[in-house]
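In the working numbering, the protein residues as written are 7 to 331.
C-beta: ideal position from N, C-alpha, C; glycine also.
Quick caveat: nothing in here was measured; it's all calculated off a predicted structure.
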Amino acid sequence: MIITQTPLRISFAGGGTDFREYYQKKGGAVLSATIDKYIFVVVKKRFDKKIRVGYSITEMVDNLDELKHELARESLRKTRLTEGLEISTMADIPSAGSGLGSSSTVTVGLLNAFYAYQGTSQTAETLAREACEVEIDILGKPIGKQDQYAAAYGGFNTIRFVPDEKVKVEPLMIDESIKRKLERNLMLFYTGITRESSEVLSEQKKNIPHIVDILDELGAMVDQLKDCLSKEYLDDFGRILHQGWQCKKRIASKISNEKIDELYAKALDAGALGGKITGAGGGGFMLLYSPQDKQDKVRDALRELQELPFSFNRDGSIVIFNIRR
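Laid out in structure tokens, this is it:
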């Protein structure tokens, strides 16, 4: 039996510049951090040749091609496993539309588990690159490349996307005490609004030729946020998050809605300095930056929402249990 643990992430700036249609022309960058919330993948050998996959539903198939779970199917194919497996996925967060990069986290975790099952290990770079191949090239998902690299590498990073398809993961070199202070000023709330990220992202991808200037601005905020952290101007970090959210809402029509705008306005009125909907937008989790002395007021203003306490995480996808017979 193999069990992998793969972290979810929060992205602070640069989302959208990781789309091929943008970075192949201008290069892209995001600033993101993985958190101590995970997706677990369990793989074990079956006594027969069937494939059983358990997630929100359970599938049992005789042939790999019959498997409806696309990420599992194509990750199995990628790692040349075709039969006789029990596979389960479990998550620390709601399974649908979290905005924390869950789909790519699943893919990285599956690949890592399937390689470990065969007695081999792969680098974070290989896991991330192959996850991108599965999701973008094989399945044609309308997504970028940041989530796969965040999940595979872990940590607090600038991830740069080069026009020649290379990806550079640059760990953020700031004092740990600053990271801890930032962590204490961040709050994560589940909006309870679920959505299909592909719908939002498809529109965003289609809009790229018309929103290059907005994506330029979002990409520039990566270095602005890094500068705030290096100088310990943490409240300015929160204000730039707010500017980024205002920009992001302009890149596709369903990134926000009346309910999200209302919740965000309540948070600002209570003392939050900025924030955003994580991921594609439209629902899932809301990330807020709030000085600690204002946080109780923010919680009260958003009392209809469930808060998800979190800490930054250093590790990418790892094997936490490995017994092969």
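Rounded to whole angstroms, the Cβ separation of K211 and F53 is 44 Å, and the two are not in contact under 8 Å. Under the three-state reduction of DSSP output, A258 falls in the coil class, being neither helix nor strand. Following the DSSP letters along the chain, one finds L294 inside the beta strand (DSSP E) bounded by residues 291-295. Taking a C-beta distance under 9 Å as the contact criterion, L14 and G107 qualify as a contact pair.
Following the DSSP letters along the chain, one finds K237 in no beta strand (DSSP E), marked with neither H nor E. Annotated as proximal: T10 and A122, with beta-carbon spacing under 9 Å. Here the region 30-48 lies against the region 314-328, with 3 or more beta-carbon pairs under 8 Å apart. By the 16-neighbour rule on beta-carbons within 10 angstroms, E80 is buried.
In the three-state reduction of the DSSP assignment, S317 falls in the coil class. Straight across, the Cα-Cα distance linking I329 with V47 is about 14 Å. Per the DSSP secondary-structure output, R58 pairs in a beta bridge with M66, E92. In the assembly as shown, I63 is an exposed residue. Its beta-carbon has fewer than 16 other beta-carbons within 10 Å. For V47, the enclosing beta strand (DSSP E) begins and ends at 34-51.
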